[in-house]
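Numbering (my numbering), first residue to last: 1 to 347.
This is the structure we're talking about:
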């Protein structure tokens with residue numbers, strides 16, 4: 001990419017800015033590499049945290065107005081010739097008509113999509129895909145999907161990462177640490193596969209203190225739901241969970257109907273060890289490219305192996321501490337932040 005000079009780019013950036021979000025981590029990395037960003041933040045235009053039934057009903061009713069207002073705000077930047085390119089993180093609420101308007105103005109447009117399925121967050125995302133100059137994915141199996149490749153102008157692989165401002169050794173008081181201490185935790189959204197794994201674990205190890213943080217777990221069976229905090233843990237609170245849990249589970253999302261595979265790595269692959277947490281991760285070939293199993297991360301093979309691995313590591317505090325320390329050092333020394341993705345996008 002050439003912006004006609006030796007300085008950084010001016011990027012119109014569509015994403016989130018809450019503390020601990022991957023979009024924020026990418027934005028920080030871009031700025032640290034010398035680029036300037038005009039940010040239009042999705043959460044400024046949508047009431048994402050309305051949780052009561054009446055408010056959810058109102059949100060459904062007003063969503064078309066929110067989408068229209070959001071895209072109207074984006075179109076205000078169409079007349080700015082200084083913008084080098086448009087960068088969309090995921091693309092919630094982003095209208096294909098708005099994307100086409102930028103393309104008509106000859107503004108290069110890119111999308112970084114971090115999830116397993118492109119269809120899981122609204123039809124507008126899949127409708128936008130053919131109109132980007134390139135789509136950056138964190139999933140290697142997307143590159144092997146011939147149907148997807150035929151739809152896109154270009155697709156490139158980048159890596160998830162951790163945010164060094166967020167995912168670090170927090171050094172909190174013992175009182176705070178004890179509030180979050182448990183045997184086993186998982187921070188992440190519900191899925192049927194994850195529920196099955198947690199259910200096996202609590203059935204096999206009924207004395208273990210298992211805690212769940214994240215959205216969607218109200219759908220789980222009563223036994224699993226009893227482990228749920230009733231909410232997610234984000235930003236600094238997620239770091240407290242990672243540090244205080246004896247074992248952090250690295251459960252991966254399963255394949256969707258429109259994907260060749262489920263996750264092989266996830267944001268937690270880097271964020272948990274970067275924060276000093278001990279990570280017990282599903283065994284995948286991709287994991288070994290970044291962390292050495294048995295030395296920098298622990299692994300389990302499948303549902304029949306999970307409870308045995310948890311039981312083993314609960315009995316081995318010294319081994320847990322050594323693996324957690326080695327994983328933290330590998331993440332820091334390996335530069336497993338969003339700087340690599342930022343360089344790939346701007347190259």
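Every residue gets a Cβ at the ideal spot worked out from N, C-alpha and C, and that includes glycine.
Chain-order list of residues whose beta-carbon lies under 6 Å from that of residue i (same chain, five-residue window excluded)
i: residue 232; result: 213, 214 and 215
i: residue 120; result: none
i: residue 242; result: 248, 272, 275 and 277
i: residue 159; result: 340
i: residue 29; result: 338, 339 and 342
i: residue 182; result: 209, 211 and 245
i: residue 108; result: 85 and 133
i: residue 25; result: 163 and 338
i: residue 285; result: none
i: residue 198; result: 224
i: residue 234; result: 20
i: residue 228; result: 212 and 217
Separation of residue j from residue i, as counted between CA atoms
i: residue 89; j: residue 131; result: 15 Å
i: residue 84; j: residue 103; result: 12 Å
i: residue 305; j: residue 32; result: 42 Å
i: residue 75; j: residue 278; result: 45 Å
i: residue 248; j: residue 165; result: 20 Å
i: residue 317; j: residue 114; result: 34 Å
i: residue 111; j: residue 136; result: 6 Å
i: residue 326; j: residue 295; result: 7 Å
i: residue 58; j: residue 322; result: 50 Å
i: residue 315; j: residue 256; result: 36 Å
i: residue 342; j: residue 207; result: 45 Å
i: residue 253; j: residue 261; result: 9 Å
i: residue 179; j: residue 244; result: 8 Å
i: residue 356; j: residue 240; result: This structure gives no information on residue 356, because the portion of the chain shown stretches from 1 to 347.
i: residue 68; j: residue 105; result: 20 Å
i: residue 225; j: residue 219; result: 8 Å
i: residue 81; j: residue 143; result: 33 Å
i: residue 302; j: residue 223; result: 21 Å
i: residue 169; j: residue 280; result: 19 Å
i: residue 99; j: residue 324; result: 44 Å
i: residue 34; j: residue 203; result: 52 Å
i: residue 336; j: residue 41; result: 25 Å
i: residue 60; j: residue 9; result: 37 Å
i: residue 72; j: residue 221; result: 42 Å
Own chain residues within Cβ distance below 8 Å of residue i, not counting five before or after
i: residue 122; result: 92 and 93
i: residue 319; result: 313
i: residue 344; result: 136, 156 and 158
i: residue 288; result: none
Buried versus exposed call for residue i [16 or more other C-beta atoms within 10 Å across all chains shown]
i: residue 54; result: exposed
i: residue 171; result: exposed
i: residue 291; result: buried
i: residue 11; result: buried
i: residue 276; result: buried
i: residue 328; result: buried
i: residue 217; result: buried
i: residue 268; result: buried
i: residue 62; result: exposed
i: residue 195; result: buried
i: residue 15; result: buried
i: residue 175; result: exposed
i: residue 154; result: exposed
i: residue 191; result: buried
i: residue 161; result: buried
Residue range of the unbroken beta strand (DSSP E) whose run includes residue i
i: residue 36; result: 36-41
i: residue 183; result: 182-187
i: residue 83; result: Run containing residue 83: none; DSSP gives neither H nor E here.
i: residue 111; result: 108-113
Beta-bridge pairing of residue i - partner residues as DSSP gives them
i: residue 203; result: Residue 203 pairs with nothing; no bridge assigned.
i: residue 337; result: 162
i: residue 155; result: 135
i: residue 247; result: 184
i: residue 323; result: Beta-bridge pairing links residue 323 to no other residue.
i: residue 282; result: 300
i: residue 211; result: 185
i: residue 15; result: 41
i: residue 46; result: In DSSP, residue 46 forms no bridge with anything.
i: residue 287; result: Answer by DSSP bridge pairing: none, since residue 287 is not bridged.
i: residue 89; result: 112
For residue i, the first and last residue of its enclosing alpha helix (DSSP H)
i: residue 28; result: 22-32
i: residue 298; result: Note, residue 298: premise wrong, no alpha helix (DSSP H); beta strand (DSSP E) at 298-300.
i: residue 65; result: 53-75
i: residue 102; result: 96-104
i: residue 267; result: 267-274
i: residue 231; result: Neither: residue 231 is in no alpha helix (DSSP H) and is coded neither H nor E.
i: residue 124; result: 123-128
i: residue 224; result: 222-225
Close beta carbons around residue i, own chain, < 7 Å, minus the five adjacent residues each side
i: residue 311; result: 205
i: residue 77; result: 12, 38 and 83
i: residue 238; result: 20 and 187
i: residue 352; result: In this structure the chain extends from 1 to 347, so residue 352 is not present and cannot be described.
i: residue 300; result: 280, 282, 283, 306 and 309
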